[in-house]
Ligand SMILES: [Zn+2]
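Numbering (the UniProt record's numbering), first residue to last: 1 to 292.
If you want it as structure tokens, here you go:
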């Protein structure tokens with residue numbers, strides 16, 4: 001893919017909004033094998049908070065890392081206590097217009113693969129099929145010592161059954177099904193273990209400090225190899241596991257467009273940047289469906 005035909009870069013903060021939307025529609029219309037990478041900005045309209053501010057900095061305490069979760073029982077208790085509260089709303093969240101627009105993009109035949117850094121399964125709920133959950137899914141729990149897996153909804157029942165005093169607690173939602181529960185004695189929270197082997201159960205998501213499984217990376221790289229352009233939606237790309245694909249694609253000459261409110265780590269690699277809400281910027285994809 002040559003660099004010819006590159007669209008006007010829209011990095012100026014005061015660029016006309018409708019012009020940037022038109023440029024995005026033109027970008028999407030120009031390619032037939034889009035590689036789409038999505039992040040937390042897609043799901044904020046579904047009531048799931050994101051982690052970062054417009055500068056890509058943490059808005060809150062970074063999420064738990066893998067070593068701490070596996071090595072510290074009190075940290076695990078804190079994680080699951082907050083998750084038990086947060087899941088009640090997270091587990092009920094539904095897709096929004098951004099998810100629906102991207103499902104429509106796939107249905108139109110212009111998309112090769114959608115790789116999401118989100119763990120909420122909302123792209124699939126909206127009808128997307130060619131999805132790779134780069135960081136896994138929060139709706140499943142797995143044992144770290146044997147092959148046991150169970151739906152998060154089942155584990156939620158087990159969590160509540162052994163922690164009845166915690167059911168009445170509430171706290172503000174935090175990203176990834178977490179809740180801002182503090183100032184309680186987490187040592188009093190009971191964490192059920194694997195019913196098969198007694199091992200440590202963990203949500204089937206890639207924690208900080210944990211590697212994305214190699215077969216998953218290989219699938220994504222193959223899709224990137226077959227793509228003719230990259231569209232980033234709702235991600236600051238601050239996490240290397242997502243940023244690496246944009247960097248690799250740009251190095252291979254793929255044009256990259258991004259829709260994100262605020263800075264991204266790949267701003268210097270972008271052909272087109274639209275600093276608007278995802279749902280508004282992608283609305284043209286749903287209009288195409290309405291017109292069809
Ligand atoms: Zn087990």
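Ideal Cβ placement from N, Cα and C applies to all residues, glycine included.
For residue 231, the closest C-alpha among the options 24, 18, 20 and 159 is that of 24. Across the structure, residue 146 and residue 48 are spaced so that their CA atoms are roughly 31 angstroms apart.
Closest option to residue 129, judged by alpha-carbon separation, among 152, 104 and 119: 104. Take residue 274, set aside five residues on each side of it, and the residues of its chain with a beta-carbon closer than 6 angstroms to its own are 20, 24, 259 and 281, in chain order.
Separation of residue 65 and residue 111 (C-alpha to C-alpha, rounded to the nearest whole angstrom) is 33 angstroms. Within the chosen limit of 7 angstroms, ligand 1 reaches the beta carbon of residue 196 through at least one heavy atom. Contact annotation, residue 148 with residue 142: C-beta distance approximately 7 angstroms; criterion of less than 8 angstroms satisfied. Just so you know, the alpha carbons of residue 192 and residue 257 end up roughly 44 angstroms apart. Just measuring C-alpha positions, the residue of 213, 268, 190 and 46 sitting nearest residue 250 is 268. Between residue 233 and residue 119, the C-beta spacing is not below 8 angstroms. Between residue 31 and residue 225, the C-beta spacing is not below 8 angstroms. Comparing alpha-carbon positions, the option among 239, 190 and 197 lying closest to residue 212 turns out to be 239.
Residue burial is scored here from C-beta neighbours: residue 223 has at least 16 other C-beta atoms within 10 angstroms and is therefore classed as buried. If you keep only unbroken beta strand (DSSP E) runs of at least 3 residues inside the segment 219-277, you get 229-233, 256-259 and 272-274. The closest heavy atom of ligand 1 lies less than 7 angstroms from the beta carbon of residue 148. At least 8 angstroms separates the beta-carbon of residue 153 from that of residue 85. Minimum Cα-Cα distance from residue 243 among the listed residues 37, 94 and 126 corresponds to 37. Of all C-beta pairs linking the segment 154-168 to the segment 71-78, fewer than three are shorter than 8 angstroms, placing the two stretches out of contact. At a cut-off of 7 angstroms, the beta-carbon of residue 94 does not count as near ligand 1: no heavy atom of the ligand is closer than that. In the structure shown, residue 42 adopts helical secondary structure according to DSSP, grouped into three states.
With respect to the 8 angstroms criterion, residue 54 and residue 262 are classified as neighbours on the basis of their beta carbons. Excluding five sequence positions before and after residue 33, the CB atoms of its chain that fall closer than 7 angstroms to its own CB belong to 112, 226, 227 and 228, given in chain order. In the structure shown, residue 173 falls within a strand segment according to DSSP collapsed to helix, strand and coil. For residue 66, DSSP assigns no beta-bridge partner whatsoever. Annotation: residue 203 to residue 68 spans about 14 angstroms, alpha carbon to alpha carbon. Residue 124 places its beta carbon 8 angstroms or farther from that of residue 235. Residue side-chain check: residue 135 keeps its Cβ at 7 angstroms or more from all non-hydrogen atoms of ligand 1.
Counting along the chain, residue 97 sits inside the alpha helix (DSSP H) bounded by residues 97-107.
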